[in-house]
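A.B. asks: Before anything else, here's the structure in question.
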Amino acid sequence: MVVTRSGRSTRETAKKIKFTDDGEMPEQVEVFSVESTREPEEQPQEESEEESDSDSDEAPEAESISTSKQALIQKQKEQEQLKQDLRKQERERRKQQDLVFKQQQEAKKAKLKELAAAEELPDLLPEEALESDHEEETKKGKHLRSEDFEKEHAAMRKKMKLEKLRLIKEQRNAALNKGPVVVQVQRFNSKKQAPRAEKSILDSKKAWLERASLGKK
């Protein structure tokens with residue numbers, strides 16, 4: 001049953017209404033607004049359960065995507081760290097190579113400088129250059145000061161250097177060119193040098209190297 005605002009039932013007050021020729025409602029008719037008392041229908045429970053299941057399915061999927069993204073970021077960081085380590089190792093290797101090359105060049109320059117100094121020496125060094133220092137030492141006596149020790153040390157170094165340069169000069173003068181081979185004459189009073197080979201051994205070696213089976217002309 002429908003109840004109006006005045007509290008009266010529509011069944012009790014329902015009357016036939018005749019409209020005018022113009023299609024308008026007569027003035028004596030009282031108009032009532034009717035409100036529906038029907039309660040809203042409840043949504044099925046199945047629909048809410050489906051939405052709940054959909055939300056529960058989306059949650060693990062979002063969590064899986066987040067985990068994969070974090071794993072990818074971690075992998076990229078590890079690769080970048082590996083590249084940095086490799087670049088650092090390459091820099092250290094080049095640094096060591098440069099250091100070794102620099103040391104070799106310095107040693108080569110020192111050797112060339114020593115040989116150049118030996119070339120400037122005369123064939124025979126004057127004995128006065130080696131004996132003058134010894135005469136000064138005998139004249140000074142036993143009482144020496146720190147300055148005297150320094151001078152003595154410098155004189156000894158000078159003497160050793162002159163002796164070394166003289167030996168280098170002698171060795172260079174003793175070297176003979178035999179075609180593409182440089183032969184150095186050995187001194188027999190030195191224990192560090194090999195003795196001279198016998199002539200028969202040299203002849204046998206020469207005959208063996210120049211044998212006909214080799215086809216040398």
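Quick note: the sequence shown uses UniProt numbering, first residue 1, plus one each step. For each residue, glycine too, the CB sits at the ideal point set by N, CA and C.
If you run the structure through DSSP and keep just helix, strand and coil, what is residue 78?
C.D. replies: Counting from one through the sequence shown, the residue named residue 78 turns up at place 78. Looking at residue 78 - three-state DSSP - the assignment turns out to be helix.
A.B. asks: Can you say whether residue 75 is buried or exposed, counting buried as having 16 or more other CB atoms within 10 angstroms of its CB?
C.D. replies: Translated into the one-based positions of the sequence shown, residue 75 becomes position 75. Classification of residue 75: exposed, given that the 10 Å Cβ count is below 16.
A.B. asks: How about the segment 95-103 and the segment 153-160: do they share at least three Cβ pairs that are nearer than 8 Å?
C.D. replies: Judged by Cβ distances under 8 Å, the segment 95-103 makes no contact with the segment 153-160, as fewer than three pairs qualify.
A.B. asks: Tell me whether residue 149 counts as near the ligand COA, meaning its Cβ is closer than 6 Å to at least one heavy atom of that ligand.
C.D. replies: This structure lacks the ligand COA; in fact it carries no ligand of any kind.
A.B. asks: Report the residue from 209, 165 and 69 whose alpha carbon sits nearest the alpha carbon of residue 111.
C.D. replies: Taking the first residue of the sequence shown as 1, we reach residue 111 at position 111. Out of 209, 165 and 69, 165 has the C-alpha closest to the C-alpha of residue 111.
A.B. asks: When you compare only the Cα positions, how much space is there between residue 72 and residue 89?
C.D. replies: Residue 72 sits at position 72 when you count from the first residue of the sequence shown. Residue 89 sits at position 89 when you count from the first residue of the sequence shown. Their backbone Cα atoms lie some 26 Å apart in a straight line.
A.B. asks: Within 10 angstroms of its Cβ, does residue 150 collect 16 or more other Cβ (buried), or is it exposed?
C.D. replies: Within the sequence shown, the letter at position 150 stands for residue 150. Exposed.
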